[in-house]
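Top to bottom, those sequences are chains A and B.
According to our numbering, the first sequence is numbered sequentially starting from 175.
According to our numbering, the second sequence is numbered sequentially starting from 199.
Positions of the beta carbon are idealized from the N, C-alpha and C atoms, including for glycine.
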Amino acid sequence: MAMIKVENLHKSFKGNEVLKGINEEINKGEVVVVIGPSGSGKSTFLRCLNLLETPEEGKIFVDGEQINGPGVDVNLIRQKMGMVFQHFNLFPHLTVMDNITLAPVKLKKMTKEQAQEKAVSLLKTVGLADKADAYPAQLSGGQKQRIAIARSLAMEPEIMLFDEPTSALDPEMVGEVLDVMKDLARSGMTMVVVTHEMGFAREVGDRVLFMDGGGILEQGTPDQIFSAPREERTQQFLSKIL
Amino acid sequence: MNQIPPLWLSGLSDTFYKCFIRDNRYQLLLSGILVTIRISLLAAAIGIVLGFLIALCNLSKNKALNRIGKVYTDIIRGTPSVTQLMIIYFVIFAAVPWPKWVIASIAFGINSGAYVSEIIRAGILSVDIGQTEAGRSLGLNSRQTMMSIVVPQALTNIFPALCNEFITLVKETAIVGYVGLMDIQKAGDFIKSATYTAFMPLIGTAVIYFVIIKILTILLGRAENKMRQSAQH
């Protein structure tokens with residue numbers, strides 16, 4: 175069964191239609207990479223999936239439950255979907271440990287001790303076990319993003335959404351973040367990744383969606399998309415970026 | 199009387215004695231200081247709570263709450279604080295048997311709340327929207343996100359402006375004489391009438407306010423430094 179199912183998704187900002195009817199299904203454990211030129215609607219599409227943007231039309235199902243219907247507890251849905259942002263958005267007034275444990279403790283998912291235990295093991299996974307007591311301002315961009323990933327994982331989500339997670343990083347820090355994401359992909363996490371990292375798409379993506387002009391223009395396995403794109407727009411885009 | 203030099207030039211120490219020592223007049227000022235401090239503190243507390251609530255009203259998506267916040271701020275900013283004080287004291291709380299200073303504090307708190315709400319609103323808006331999005335994406339509801347993520351960061355940003363508002367408030371309380379409370383200003387005024395001298399009691403009043411504000415400024419400055427240090431890791 176599809177983990178995420180999107181039917182006829184429309185979204186516009188001030189009369190400007192950004193998403194023009196998207197239909198898509200994403201299966202459990204699948205890693206879907208969304209690429210496309212800026213303004214194509216890929217970030218908006220991602221942000222609709224956890225309702226950071228409210229779609230005007232269309233339906234979004236997660237685990238078979240429609241999440242943009244009436245009477246749905248958005249907060250419960252979001253607990254199942256982690257999100258990683260381009261600009262990290264760590265909480266600057268809290269230590270790394272508190273950044274990670276805040277949500278699980280506040281939402282009574284874990285006791286403080288359980289959350290801290292979880293945080294320690296997550297910090298180990300992302301290679302930052304020694305940073306528990308640091309504040310975000312003391313970390314490099316790559317470290318911040320790895321903490322942000324750990325923070326999302328602390329809620330034990332079923333789906334992880336990545337919104338250009340490496341776009342704000344210095345080039346030498348991109349690798350460390352992608353490595354964490356690759357490990358996550360291999361562990362079987364369902365992931366939707368908006369990115370310009372074609373190497374990542376090729377290596378771990380199960381499927382690549384090429385978006386242009388508010389719709390999904392073409393999709394396929396990384397091999398298909400990168401080696402033999404069918405659409406002219408896709409070819410143009412890839413020739414510029416590869 | 200018209201040919202002799204003003205009294206304050208001929209005998210400063212005599213006047214000082216007459217104004218502040220004789221008949222234990224300094225006690226009037228001392229109790230006035232306590233009245234001023236008591237009213238300022240209670241009014242500040244009321245102002246901050248009220249200001250926070252009004253700020254939330256103004257930021258809310260609910261139209262009715264917006265309206266309440268807007269009308270409140272408009273009325274307070276559009277009328278003199280003396281008028282507000284007298285209306286609250288003689289009209290709204292006329293039949294309430296609470297101590298005078300408590301009612302006066304409520305009046306000043308309501309007044310201060312309007313200004314505090316604007317400070318807090320600006321502070322909340324100054325926190326990056328990404329912070330809210332991060333909180334919400336973790337599954338926190340909007341109140342949890344506001345209280346544990348946005349407000350703590352906003353407070354650091356607005357602390358200097360809040361201090362400023364508190365200092366303004368302390369000086370603003372000098373009008374409580376209008377409802378019959380004997381604060382510093384009223385005590386000075388009383389001495390002026392009782393001794394037929396203006397210079398010494400009024401300058402004395404000014405000096406007392408100045409010293410209180412100075413001490414307050416130093417204390418708040420220290421608190422701000424501490425806050426900055428702990429916010430700047």
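| Asked | Found |
| --- | --- |
| Kindly indicate which three-state DSSP category residue 162/A falls into: helix, strand or coil? | Since the first residue shown for chain A is 175 and the last is 416, residue 162/A is missing from the structure and cannot be characterised. |
| So, is the C-beta of residue 342/B closer than 8 Å to a C-beta in chain A? | yes |
| Cβ atoms of residue 244/B and residue 315/B: under 8 Å apart, would you say? | no |
| Distance check for residue 214/A and residue 318/A, CA to CA, integer angstroms please. | 27 Å |
| For residue 317/B, report the span of its alpha helix (DSSP H) as first-last. | 298 to 324 |
| Strictly below 7 Å CB to CB, what residues from chain A border residue 328/B? | 259, 261, 263 |
| Specify whether the stretch 332 to 350 of chain A and the stretch 269 to 289 of chain A touch according to this definition: at least 3 beta carbon pairs, one from each stretch, less than 8 Å apart. | no |
| Residue 415/B to residue 210/A, Cα distance in whole Å? | 56 Å |
| Considering only the beta carbon of each residue, do residue 181/A and residue 380/A sit closer than 8 Å? | no |
| How far does the beta strand (DSSP E) with residue 364/A in it extend, from its first residue to its last? | 364 to 368 |
| Does the distance from the CB of residue 193/A to the CB of residue 218/A come in under 8 Å? | yes |
| Is the beta carbon of residue 308/A less than 8 Å from the beta carbon of residue 270/A? | yes |
| Indicate whether at least one CB of chain A lies closer than 8 Å to the CB of residue 337/B. | yes |
| What does DSSP give as the partner residue(s) for residue 384/A in the beta ladder? | 209/A, 392/A |
| Could you name the residues of chain B that residue 277/A contacts, counting a contact when the two beta carbons are closer than 7 Å? | 336, 337, 338 |
| Name the residue from 428/B, 399/B, 310/B whose alpha carbon lies nearest to the alpha carbon of residue 216/B. | 399/B |
| If you draw a straight line from the C-alpha of residue 325/B to the C-alpha of residue 326/A, how long is it? | 21 Å |
| Please list the terminal residues of the continuous alpha helix (DSSP H) segment that includes residue 256/A. | Taken as a continuous stretch (DSSP letters only), residue 256/A belongs to no alpha helix (DSSP H), being part of the beta strand (DSSP E) at 255 to 258. |
| Quick one: using the 10 Å Cβ neighbour count with 16 as the cut-off for buried, is residue 190/A buried or exposed? | exposed |
| Within its chain, find whatever has a CB closer than 7 Å to the CB of residue 347/A; leave out the 5 residues flanking it on each side and keep chain order. | 314, 315, 316 |
| Would you kindly work out how many angstroms separate the C-alpha atoms of residue 398/A and residue 261/B, rounded to a whole number? | 52 Å |
| Is residue 266/A close to chain B, meaning its C-beta is less than 8 Å from at least one C-beta of that chain? | yes |
| At what residues does the alpha helix (DSSP H) containing residue 232/A begin and finish? | Here residue 232/A belongs to no alpha helix (DSSP H); instead the beta strand (DSSP E) covers 231 to 236. |
| Go through its chain and collect everything with a Cβ distance to residue 412/A's Cβ below 7 Å, but skip five positions before and after it. | 400, 403 |
| Under the DSSP definition of a beta bridge, which residues are partnered with residue 190/A? | 187/A |
| Taking only the alpha-carbon atoms, compute the straight-line gap between residue 331/A and residue 232/A and give it to the nearest angstrom. | 24 Å |
| Secondary structure at residue 304/A, three-state DSSP: helix, strand or coil? | helix |
| Are the C-beta of residue 253/A and some C-beta of chain B separated by less than 8 Å? | yes |
| Take residue 273/A as the anchor and find which of 298/A, 323/A, 394/A has the nearest alpha-carbon. | 323/A |
| Within the 8 Å Cβ cut-off, does residue 332/B reach chain A? | yes |
| Going by Cα to Cα distance, which pick from 271/B, 226/B, 296/B, 352/B is closest to residue 266/A? | 352/B |
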